[in-house]
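> Sending over a structure as structure tokens; questions will come in a sec.
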Amino acid sequence: AQSVTQLDSQVPVFEEAPVELRCNYSSSVSVYLFWYVQYPNQGLQLLLKYLSGSTLVKGINGFEAEFNKSQTSFHLRKPSVHISDTAEYFCAVSETGGYNKLIFGAGTRLAVHP
Amino acid sequence: DVKVTQSSRYLVKRTGEKVFLECVQDMDHENMFWYRQDPGLGLRLIYFSYDVKMKEKGDIPEGYSVSREKKERFSLILESASTNQTSMYLCASSFLAGGKETQYFGPGTRLLVL
Chain A
1 AQSVTQLDSQ
11 VPVFEEAPVE
21 LRCNYSSSVS
31 VYLFWYVQYP
41 NQGLQLLLKY
51 LSGSTLVKGI
61 NGFEAEFNKS
71 QTSFHLRKPS
81 VHISDTAEYF
91 CAVSETGGYN
101 KLIFGAGTRL
111 AVHP
Chain F
1001 DVKVTQSSRY
1011 LVKRTGEKVF
1021 LECVQDMDHE
1031 NMFWYRQDPG
1041 LGLRLIYFSY
1051 DVKMKEKGDI
1061 PEGYSVSREK
1071 KERFSLILES
1081 ASTNQTSMYL
1091 CASSFLAGGK
1101 ETQYFGPGTR
1111 LLVL
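Going line by line, the protein sequences match chains A and F.
Using the numbering used here, you'd call the opening residue of the first sequence number 1 and step up by one each time.
Using the numbering used here, you'd call the opening residue of the second sequence number 1001 and step up by one each time.
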């Protein structure tokens, strides 16, 4: 069965510093991978997704993620964060690509400090 | 602009009450979803609907039912609310175009069961 582990529940960082939010998955088959962001008091918004092709995926708001099949990881990165990036970030995996089969990680709360 | 709206942002109910959570999308999407979001657990799918009157159980359907009488509206029903159903409930819709599925989330309903 597939599962997703987000290794950090909270990540504090200073403004303009780089950040990496870690995500590992387990699955016996090929997977599709997603990162979502949830700003305070809002629903989820898709940041980026990996379906196939290039392992480096660029998303919105300057975020990118790299699919590493050998390490079963899909870490999210941003070279310079802003206060407005303060939010909760969710990694998710699907074996079929369909949203009805998404398994979500527990989430990582990114807190950007001035 | 795609809009997924949920009838209430905050709801307080008593144990044993019947609770209706309503979700409406205005973009003629085929698929609609209900998730619950709990700290440390991420999002878990309760029910999924792929067409009017069609539904599929998600990962945690126990204690919930759904109704989809019209394409734009997907209701989540708690037949007899219990305190362990206190949670944030997120609705989403998605459509398939050009072989790609795109999902949109509503802002969420925070339900407290006393």
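From the three backbone atoms N, C-alpha and C, an ideal C-beta is built for every residue, glycine too.
Is it true that the CB of leucine 76 of chain A sits closer than 8 Å to the CB of leucine 21 of chain A?
Taking 8 Å as the Cβ cut-off, leucine 21 of chain A and leucine 76 of chain A qualify as a contacting pair.
> With 16 other CB atoms within 10 Å as the buried threshold, where does isoleucine 1046 of chain F fall?
Buried is the call here.
> Any C-beta of chain A within less than 9 Å: which residues of the stretch 1012 to 1036 of chain F qualify?
Under the 9 Å Cβ criterion, the stretch 1012 to 1036 of chain F contributes Asn1031, Phe1033 and Tyr1035.
> Any residues in the stretch 1091 to 1104 of chain F with a beta carbon nearer than 7 Å to a beta carbon of chain A? Which ones, in chain order?
Within the stretch 1091 to 1104 of chain F, the qualifying residues are Ser1094, Glu1101 and Gln1103.
> Whose Cβ in chain A lies nearer than 7 Å to the Cβ of phenylalanine 1048 of chain F?
Near phenylalanine 1048 of chain F (Cβ distances below 7 Å), the residues of chain A are Asn100.
> Would you mind telling me which residues of chain F sit closer than 7 Å to alanine 106 of chain A, beta carbon to beta carbon, in chain order?
The contacting residues are Gly1040, Leu1041 and Gly1042.
> Roughly how many whole angstroms lie between the Cα atoms of glutamine 1103 of chain F and phenylalanine 1095 of chain F?
Approximately 7 Å between the Cα atoms of the pair.
> What in chain A is Cβ-close to glutamate 1056 of chain F, meaning under 7 Å?
Those are Asn100, listed as they occur along chain A.
> Could you tell me which chain F residues have their CB closer than 9 Å to the CB of glutamine 119 of chain A, listed as they occur along the chain?
The question about residue 119 of chain A has no answer, for chain A in this structure spans 1 to 114.
> Quick one: grab the DSSP three-state call for isoleucine 1190 of chain F.
In the structure displayed, chain F extends from 1001 to 1114; residue 1190 of chain F sits before or after that span and is not available.
> What does the alpha-carbon distance come out to for the pair leucine 33 of chain A and asparagine 68 of chain A?
The straight-line gap from Cα to Cα measures roughly 11 Å.
> With a Cβ-Cβ cutoff of 8 Å, do asparagine 24 of chain A and leucine 7 of chain A count as a contact?
Yes, the pair counts as a contact, with Cβ atoms nearer than the cut-off.
> Along the chain, where does the beta strand (DSSP E) that runs through glutamine 2 of chain A open and close?
It is not in any beta strand (DSSP E) - glutamine 2 of chain A carries neither H nor E in the DSSP assignment.
> Using the Cα positions of valine 19 of chain A and alanine 92 of chain A, report the straight-line distance between them to the nearest angstrom.
One C-alpha to the other measures close to 19 Å.
> Which residues in the same chain as tyrosine 39 of chain A place their Cβ atom closer than 6 Å to its Cβ, once the five residues preceding and following it in sequence are excluded?
Taken in chain order, the residues that qualify are Ala87.
> For tyrosine 50 of chain A, which residues of its own chain have a beta-carbon under 6 Å away from its beta-carbon, when the five flanking residues on both sides are left out?
Here the set comprises Leu33, Val57 and Phe67.
> With distances taken from CA atoms, which of F:Gln1025, F:Met1054 and F:Leu1078 is nearest serine 1065 of chain F?
For the residues F:Gln1025, F:Met1054 and F:Leu1078, the minimum Cα distance to serine 1065 of chain F belongs to F:Leu1078.
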